[in-house]
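Going letter by letter, the sequence shown gives residues 0 to 426 in numbering that gives the first Met the number 0. We put the beta carbon where it would ideally sit given N, CA and C, even for glycine. These numbers come from a predicted model, not from an experiment.
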Amino acid sequence: MKKFIVCAVAVMSCLSFIAITSESDPVTIPPSKQRFGNADSGYRYIITGDYVKSGIPLGMYHFAFKKEKNNLLDRQGDNADVRYDFNVVNAENGESVVVPNCFQCHAQFFNGQLILGLGNSIGDFTKDQKLSGFQKMALSYLKLKPKKYEAAKDFVTVGLEIGDELFTDVVGANPADRLTALLVTHRDPVTLAWTDTPSVQLPKQVIPSDVPPWWLLKKKNAMFYNGFGRGDFGKFLMGSALLTTKDTVHAREVDEHMPDVLSYLYSVAPPKYPLPINDQLARQGKIIFENTCTGCHGTYGNGDQYPNLLIPESIIGTDSLLNKSNYQHSDMIDWYNKSWFSKGDHPAQLAPFNGYIAPPLDGVWITAPYFHNGSVPTIEAVLNSRLRPKYWTRDFFTGTSPGENTKYDYEKLGWQFETLSAPGDKY
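Structure representation (C-alpha cells):
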C-alpha cells in the first residue's frame, strides 16, 4: 500500500485519442487555448484540496507514521500534522482521511531544502513495497470500524486491485503512465464509475519514466514526453481524481479548480545554479549551443523562444518503449474517444507520436537523471555519449534538513554515481 500511496498522485488522466502520427521530419506542436485563474488559490488547492476523496483514516495514519514535526508547507489544522506530500480531507461520509497530494511525485529535497515542482527521482516503486503483514492487519481492523472503512474503501479497493501491476525494477523510476492506464481500464469512459473487471487487458510490462519539473510546462504546447497531451491542460492535471472519484459530479468539482492549479504551475520557477560559473567557458559554450542546440531546445535569456518540436524516433534514435507503451493500443484508443475528459467546452485530446518532444532546458542543472527514462546520470554524459554508463548506481540521500548535502556533482552536472559491470539490485 505504501508503494501505491507514493505513486498515486503522479498520475495524469489520459483522454480522447486521435490517430497516431508517424513523421520523418520534426513536427511543430501548435498552441491550444488554456484556462487560467489565481496561482495562490491553485497552490492552496494542491496542499489542502480533496481531489482525492478516499484514503487512510487520520487516526490510523498517525498510529503508523506519527505526527509530522516539520510543517514544511506552513499548513493549518490537521494538515499541519501530516507529511508535506499528504492532505487531510473529509471523505464523503465526513470522516477525516489522509490522501496523497501532487508533491508525492512533484517535489524533492535538495541540499536540505524541499524544492516544489522538482520531479521526485528517489521514489521507490519496486516490488519490495508489497502489502506488509501490518497493513493487512490494518485492513482487517478497518472492517471492524464501519464508518472508517467506508471512508477508506474506494482507496483500498483501487490499491488492492492494481497495486501489484505497478512495480518498477529500480528505485527512482516512476510508473505514473502505467497507473493512469490501469485506472482508466477500470473506469467507465462516460460516467467514470469504477468497475472491478478491466475493460482493456494491458501488457504486463511496466515502462516507467523520469518525472519532469513543473517549471517547463509554461513553455510547452503539449504535455508529456511524447507531446501527446493536447487541448486543455487542466483536464490532464486533474487525473489524480481517477483514484477515488465515483462519478462525473466529483470530476466537475475538481475541474473547477484546474485554472487556478495551472496558474500556479506556470508561476513555478527553477532554482538558480548555486556555484560560480566560468564566464570564459560559458561564452565558448554559448556559441556551440546556439549553433547546434537551439533549433530543438530553444533560446534562453532576453527574448527567449521555444520551438515546441516533436522529434521522430527515426531521427532521435532513443529508447522507444515509453512512446509505444500504455496508450497506443486500439482498445485504449476506443476508451479515450468515449471519455468524459474529451467533452465540454474545454476538451482535451491525446495525439500519440512515435518519438519525443525536445524539452526546454530551464533549470536543467538540477533535474538529473536525464532523458525521459532517467538513464543518464549527468549532463556531461548527455553531451558525450561515450561517457554514458550502461549500468550505474547512486546514493539516494538528498538531505532533508539544513546542512545536509545531496550527493551531487557540480562539475559534471548531475548525480554522483558508480559504474557497474552488470545489473545489481533495485538501487
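* Just mark K142 as buried or exposed, buried being the case when its beta carbon has 16 or more other beta carbons within 10 Å. => The residue in question, K142, is exposed, as its Cβ has fewer than 16 Cβ neighbours within 10 Å.
* By DSSP, does V8 sit in helix, in strand, or in coil? -> With a pLDDT of 39 at V8, under the threshold of 50, the modelled position of this residue cannot be trusted; read the value that follows with caution. Residue state, collapsed to three classes: coil.
* On the premise that Q33 lies in contact with R229, defined as a C-beta separation below 8 Å, what is that separation, rounded to the nearest angstrom? -> No, R229 and Q33 are not in contact; Cβ-Cβ is about 11 Å, not under 8 Å.
* Asked: Measuring CA to CA, which of N225, A192, Y407, N89 is closest to P211?
  -> The option with the nearest alpha carbon to P211 is N225.
* Would you call the segment 85 to 104 and the segment 349 to 367 in contact, with 3 or more CB pairs under 8 Å? -> No contact exists between the segment 85 to 104 and the segment 349 to 367.
* **Helix, strand or coil at Q200 according to DSSP, with G and I counted as helix** => Here Q200 sits in coil by DSSP.
* Asked: Can you give the Cα-Cα distance for Y60 and F124, rounded to whole angstroms?
  -> Going by C-alpha positions, Y60 is about 20 Å away from F124.
* To do: Return no unless some Cβ of chain C is closer than 8 Å to the Cβ of G294.
  => The structure shown contains no chain C; it is built from a single protein chain.
* Asked: Given that a residue counts as buried once 16 or more other Cβ atoms are within 10 Å of its Cβ, and exposed if not, what is Y305?
  -> Per the 10 Å Cβ criterion, buried.
* To do: For L261, count neighbouring Cβ atoms within 10 angstroms of its own Cβ and tell me buried if that reaches 16, exposed if not.
  => By the 16-neighbour rule on beta-carbons within 10 angstroms, L261 is buried.
* Taking Cβ to Cβ, would you say E57 is nearer than 8 Å to Y83? -> With the sequence shown as reference, residue 57 is identified as Leu, and Glu is not the correct amino acid for it. No, the pair does not count as a contact, with Cβ atoms beyond the cut-off.
* Pick from G238, N404, K144 that is closest to N100, judged by C-alpha positions -> Considering only alpha carbons, the answer is G238.
* How would you call L320, buried or exposed, if buried means at least 16 neighbouring beta carbons within 10 angstroms? -> Exposed.
* Determine the direct distance from the alpha carbon of G354 to that of T293, and round the result to whole angstroms. => Between T293 and G354, the C-alpha separation is close to 19 Å.
* Asked: Are the segment 410 to 417 and the segment 371 to 390 touching by the rule of at least three beta carbon pairs closer than 8 Å?
  -> Flag = yes, the segment 410 to 417 and the segment 371 to 390 touch.
* My understanding is that A221 touches I356, with C-beta atoms under 8 Å, so please give their C-beta distance in whole angstroms. => Sure, about 7 Å apart at Cβ, within 8 Å.
* Asked: For N173, does the count of other Cβ atoms within 10 angstroms reach 16, so buried, or fall short, so exposed?
  -> Under this definition N173 is a buried residue.
* Distance between beta carbons of V96 and A438, contact taken as under 8 Å -> Since the first and last residues shown for the chain are 0 and 426, residue 438 lies out of range.
* With a Cβ-Cβ cutoff of 8 Å, do K406 and D394 count as a contact? -> Yes; because the gap between Cβ atoms is below 8 Å, this pair is in contact.
* Asked: Exposed or buried, which one is K68 when buried takes at least 16 other CB atoms within 10 Å?
  -> By the neighbour-count rule (16 or more Cβ atoms within 10 Å), K68 is not buried but exposed.
* **Nearest candidate by alpha-carbon position, reference L117, set T27, K234, D209, N70** => Ranking T27, K234, D209, N70 by CA distance to the CA of L117 puts D209 first.
* Does the segment 185 to 192 come close enough to the segment 241 to 252 that 3 or more CB-CB pairs lie under 8 Å? -> Segments in contact, yes.
* Asked: Near T418, which residues of its chain fall below 6 Å by C-beta distance, leaving aside the five closest residues on each side in sequence?
  -> P388, W391.
* Could you tell me the boundaries of the alpha helix (DSSP H) in which I365 lies? => Element bounds for I365: n/a, residue is neither H nor E.
* Could you tell me if N119 is buried or exposed, where buried requires 16 or more neighbouring beta carbons within 10 angstroms of its beta carbon? => By the neighbour-count rule (16 or more Cβ atoms within 10 Å), N119 is buried.
* Beta-bridge pairing of E417 - partner residues as DSSP gives them -> Looking at the DSSP assignment, E417 forms a beta bridge with T392.
* **Cα-Cα separation, D80 to Y44** => Roughly 17 Å separates the two Cα atoms.
* Which first and last residues belong to the alpha helix (DSSP H) in which G398 is found? -> Per DSSP, G398 belongs to no alpha helix (DSSP H) and is neither H nor E.
* Can you list, in chain order, the residues of its chain whose CB lies under 7 Å from that of F102, leaving out five sequence neighbours each side? -> Apart from sequence neighbours up to five positions away, the residues of its chain that approach F102 with a beta-carbon distance below 7 Å are Y83, D84, L115, ordered along the chain.
* **Distance CB(L181)-CB(A250) smaller than 8 Å** => Cβ distance not < 8 Å, so L181 and A250 don't count as in contact.
* **Opening and closing residue of the beta strand (DSSP E) in which F109 lies** => Unbroken beta strand (DSSP E) run through F109: 106 to 109.
* Who are the near neighbours of A421 in its chain, counting only those whose CB is closer than 7 Å to its CB and skipping five residues on each side? -> For A421, where only same-chain residues beyond five positions count, the Cβ hits under 7 Å are Y390.
* CB contact flag (I206, S324, <8 Å) -> Judged by beta-carbon spacing, S324 lies within the 8 Å limit of I206, meaning their Cβ atoms are closer than that value.
* Compare the beta carbon distance of F352 and F166 with 8 Å and say whether it is the shorter of the two. => Judged by beta-carbon spacing, F166 lies beyond the 8 Å limit of F352, meaning their Cβ atoms are not closer than that value.
* **Option in A38, V51, Q200 with minimal Cα separation from V98** => Minimum Cα-Cα distance from V98 among the listed residues A38, V51, Q200 corresponds to V51.
* **K218 and P359 closer than 8 Å at C-beta** => In this structure, P359 lies closer than 8 Å to K218 by Cβ.
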